[in-house]
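Student: So the protein lines, in turn, are chains S and D.
2 is the number of the first residue of the first sequence in the numbering used here; add one for each residue after it.
1064 is the number of the first residue of the second sequence in the numbering used here; add one for each residue after it.
We put the beta carbon where it would ideally sit given N, CA and C, even for glycine.
My questions will all concern the structure given below.
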Amino acid sequence: MIEITDLAKRFVQGGGRHAQAVVAVQGLSFRATDGCITGLLGPNGAGKTTTLRMVAALVTPDAGRITVDGIDVAAQPRLALARLGVLSDARGLYPRLTARENIVYYGQLQGLGAAAAAARAEVLARTLDMGPLLDRRTEGFSQGERMKTALARALVHDPSHVVLDEPTNGLDVLATRSLRETLRRLRDEHRKCIVFSTHIMQEVERLCDQVVVMAKGRQVAQGTVAELLERTGQRDFEACFVQLAYGEAEA
Amino acid sequence: MRPAWIVFVKELLDALRDRRTLLVVVLSSVAVGPVVLIALSVLVASLEQRADVREVHAVGIEHAPTLRNYLERQTYAIKTAPADYERQLVSRERGDPVMVVPPNFETDLAQGLAPVVELVSASANTRAQGGIGRLAGLLQGFNQEQASLRLALRGVAPGLLQAVQVQERDLGDARARAAQLTSLLPFFVLMAVLYGALHAALDTTAGERERGSLEPLLMNPAPMAALVLGKWGAVSAVAMLVAVLSCLSFLPAQWLVRGETLAAVFQFGPREAALFLALLLPLAAALSALLMAVAIRCKSFKEAQANSTVVILAVSLLPLATVFSQEGERPWHLWVPALAQIGLMGRVLKGEPLHATEALLPLAVATGLTLLCLGFVARRLRGAAVR
């Protein structure tokens, strides 16, 4: 379970007299439970990526607390990271290494032995249907192939929590479908706690058990898709989202 | 330390997979020794050859039998210069200056009228310019002989004209003399090491940022120090490999050396190679760390390349400190990385002994620089990943 309480972060842009504080996240609280897919829905610049970076201990929050299975991320980041599989916004691979080497490298950094990491790579290759890719160097991979390799890399240590930042960015229909299928399987068969950020309504509608709607760094609504529809009185989720994120006027 | 080892192995594998870059770096580092030595030996051989040739190229020597007689007594062969010697000298086709004797030389000489003998060369023609001194010396000798004869005829002792006797004594031994020529070698080796480290250092820092692989890397529970140590270890390993290859390349290169002078004085055996490496390896590690510290600030490989030119420029300009400073090597040189190593390698080539303190001070400086730079990289790594 990932629990976020009163999270806040602001960045200072520029220096000297031109320094400007930009609020990235303000007063964000939600709980993502195991065996459940939680969607972080928001327009561009809503603070989704910053939030997920704080969960992954890459950015230190100004205020608030994040725990993973009760472990405080700020106090024990390495312990928390061992339970997290993160597919970040940047998902660069090492182009001169094969997909297998990319996956095994991360497995070893997560503390697996070489043999165990290699075995996990095989298992993940079957799960993600990327067997033929394993021994190819990753330079020249398509977007979908890259995403699969990066996802396998994030899942190599079989983490109980999976955090994905806009995972369907740049994927075609088939790759998106296959990713959705994978996430469902991870939830249903492995009871993982999954959090992913997106700005695409359809994904949330089809996949999420719980939605956290963010706008301008703040949380504007939380609940299931049905609850949010009911609350806004809309029948279309897109209209519902626009109303929540941008206010009544736009809707 | 296991995470550091894992990172080291991966980074080294990554660097070794970059075949094309590696090939260029390794080939150029291996080629340094032979190419520099062959170039030097050709230069020295041509200087020796020119000094050995006892020839005077002249025009109108038939008008001056006395001069001819003198030159031949000095065992010089007299060659007649072609008619278009002026053009040849200007266009540098001709490497020998030309002596032009006027038609009335002999009669003027007999009447004591001091005929004018021209020595023709072109100041842009270094080869011909180098031979002028020899011809002038010959003519000076001829002058002196004629003067002595005239004084003797008049019953004056020629010794009266010589108030002071001059004798030159050269204290430089052959090895030190050759070290003037071979002083360039440490510089080439150092640059090879620097360029060897450059690509790997940039790739593991700025390259990783540009690829977007630094952010996911930091989402592993490996300690920051382990990541930095592993990366630095791999970059240093490549730089040290280049150092070893370029030092060892001088050993077989010696067999290619032509010209006895250089072969006799350029003694680069296993002892010299070992001393070179003892000086170079810590510096290779420090330069790797320095390049990484410069590159981690940069968002892209290209930006890092532009920034690292400052380091390259500094290292390539440092040897000039010894050229500009009239005082030669100063104690403070030992405190400056690269400059210290170049100075000490030069002394190894000259066959001078190194004291322990002289070798330990640069080592301590290199260690300090390495720690400082690695600390900086570790501090900047997290910030670099998200920006």
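Step through the CB atoms of chain D and report whether any lies within less than 7 Å of the CB of S:L245.
Tutor: no
Student: Along the chain, where does the beta strand (DSSP E) that runs through S:S30 open and close?
Tutor: Judged by DSSP secondary structure, S:S30 falls within the beta strand (DSSP E) whose first and last residues are Q21 to A33.
Student: Using the three-state DSSP reduction, which class does D:C1361 fall into: helix, strand or coil?
Tutor: coil
Student: Quick one: list the residues of chain D neighbouring S:A1, beta-carbon separation under 8 Å, in chain order.
Tutor: There is simply no residue 1 of chain S to check, as chain S begins at 2 and stops at 252 in what is shown.
Student: Specify the secondary structure class of D:M1287 as computed by DSSP and reduced to three states.
Tutor: In this structure, D:M1287 counts as helix in the three-state DSSP scheme.
Student: What's the gap between the Cα of S:Q111 and the Cα of D:G1096?
Tutor: 45 Å
Student: Do D:V1164 and D:V1180 have their CB atoms nearer than 7 Å?
Tutor: yes
Student: Can you give the Cα-Cα distance for S:K217 and S:G248, rounded to whole angstroms?
Tutor: 12 Å
Student: Any C-beta of chain D sitting closer than 7 Å to the C-beta of S:Q109?
Tutor: yes
Student: At 7 Å on the CB atoms, spell out the chain S contacts of D:N1370, in chain order.
Tutor: What D:N1370 touches in chain S: nothing, since even the nearest Cβ is about 19 Å away.
Student: According to the Cβ coordinates, are S:G40 and S:C241 closer than 7 Å?
Tutor: no
Student: Over what stretch of residues does the beta strand (DSSP E) that includes D:L1444 continue unbroken?
Tutor: Run containing D:L1444: none in the beta strand (DSSP E); it sits in the alpha helix (DSSP H), A1419 to V1449.
Student: Taking the alpha-carbon positions, what's the S:V56 to S:G65 distance?
Tutor: 11 Å
Student: For the structure I just gave you, are there three or more beta carbon pairs, one from the segment 220-239 of chain S and one from the segment 80-87 of chain S, closer than 8 Å?
Tutor: no
Student: Which residues, taken in chain order from the segment 1270-1288 of chain D, show a beta carbon closer than 7 Å to some beta carbon of chain S?
Tutor: Going along the segment 1270-1288 of chain D in chain order, one finds R1274, G1275, S1276, E1278, P1279, L1281, M1282, N1283, P1284 and A1285 with a Cβ nearer than 7 Å to chain S.
Student: Would you grab the beta carbon distance between D:V1305 and D:V1088 for me? Rounded to a whole angstrom, and I think it's under 8 Å.
Tutor: 6 Å
Student: In chain S, which residues lie less than 9 Å from D:P1066 when you measure between Cβ atoms?
Tutor: Q109, L110 and G112
Student: Tell me whether D:D1081 sits in a helix, a strand or coil according to DSSP, three-state version.
Tutor: coil
Student: Please work out which residues of its chain come closer than 6 Å, Cβ to Cβ, to D:V1440, disregarding the five sequence neighbours upstream and downstream, and give them in chain order.
Tutor: V1291, M1355, A1356 and I1359, listed in sequence order.
Student: Judging by CA-CA distance, which residue of D:V1099, D:D1171, D:Y1133 and D:R1150 is the nearest neighbour of D:Q1317?
Tutor: D:V1099
Student: Checking contacts by CB at 7 Å: is D:R1442 closer than that to chain S?
Tutor: no
Student: Report whether the distance from the Cβ of D:A1316 to the nearest heavy atom of the ligand FAD is below 6 Å.
Tutor: What this structure holds is no ligand at all, so the ligand FAD is not there to describe.
Student: In chain order, what residues of the same chain have a beta carbon less than 6 Å from the beta carbon of S:E140, not counting five sequence neighbours either side?
Tutor: Excluding positions up to five away in sequence, the list reads P96.
Student: For S:G48, which residues in the same chain have their Cβ closer than 7 Å to its Cβ, ignoring the five residues on either side in sequence?
Tutor: The beta carbon of S:G48 sits closer than 7 Å to the beta carbons of A25, V26, M215 and G218 from its chain, once the five residues preceding and following it are set aside; these are given in chain order.
Student: Using a Cβ-Cβ cutoff of less than 7 Å, which residues in the same chain neighbour S:A252 once the five nearest sequence positions on both sides are dropped?
Tutor: Caution is warranted here: a pLDDT of 48 is assigned to S:A252, below 50, making its placement in the model unreliable, and no coordinate value can be reported.
Student: Any idea what DSSP makes of S:Y247, helix, strand or coil?
Tutor: helix
Student: Kindly list the residues whose CB is nearer than 8 Å to the CB of D:A1336, restricted to its own chain and excluding five residues on each side of it in sequence; keep chain order.
Tutor: C1310, L1311, F1313 and L1314
Student: Along chain S, in chain order, which residues have C-beta atoms closer than 7 Å to that of D:A1448?
Tutor: L59
Student: What residues are listed by DSSP as bridge partners for S:S198?
Tutor: Looking at the DSSP output, S:S198 sits in a beta bridge with S:L41 and S:D166.
Student: In three-state terms, what does DSSP make of D:Q1203?
Tutor: Here D:Q1203 sits in helix by DSSP.
Student: So within the segment 1083-1136 of chain D, which uninterrupted alpha helix (DSSP H) runs reach at least 4 residues, ignoring any that extend past its ends?
Tutor: 1128-1136
Student: Take every Cβ of the segment 1292-1300 of chain D, pair it with every Cβ of the segment 109-129 of chain S, and state whether three or more of those distances are shorter than 8 Å.
Tutor: Output reads no: the segment 109-129 of chain S does not touch the segment 1292-1300 of chain D.
Student: Given D:S1351, which residues of its chain have a CB within under 7 Å of its CB, disregarding the five upstream and five downstream residues?
Tutor: Taken in chain order, the residues that qualify are A1260, A1264, W1295, V1298, S1299 and A1302.
Student: With the cut-off set at 7 Å, would you say S:D90 and S:T50 are in Cβ contact?
Tutor: yes
Student: In three-state DSSP terms, what is D:A1480?
Tutor: Residue numbering for chain D in the displayed model covers 1064 to 1450; residue 1480 of chain D lies beyond these limits and cannot be assessed.
Student: Taking the alpha-carbon of D:V1045 as reference, which of D:A1377, D:V1411, D:L1437 and D:P1416 has the nearest alpha-carbon?
Tutor: The displayed coordinates of chain D run from 1064 to 1450. Any statement about residue 1045 of chain D would go beyond what the structure contains.
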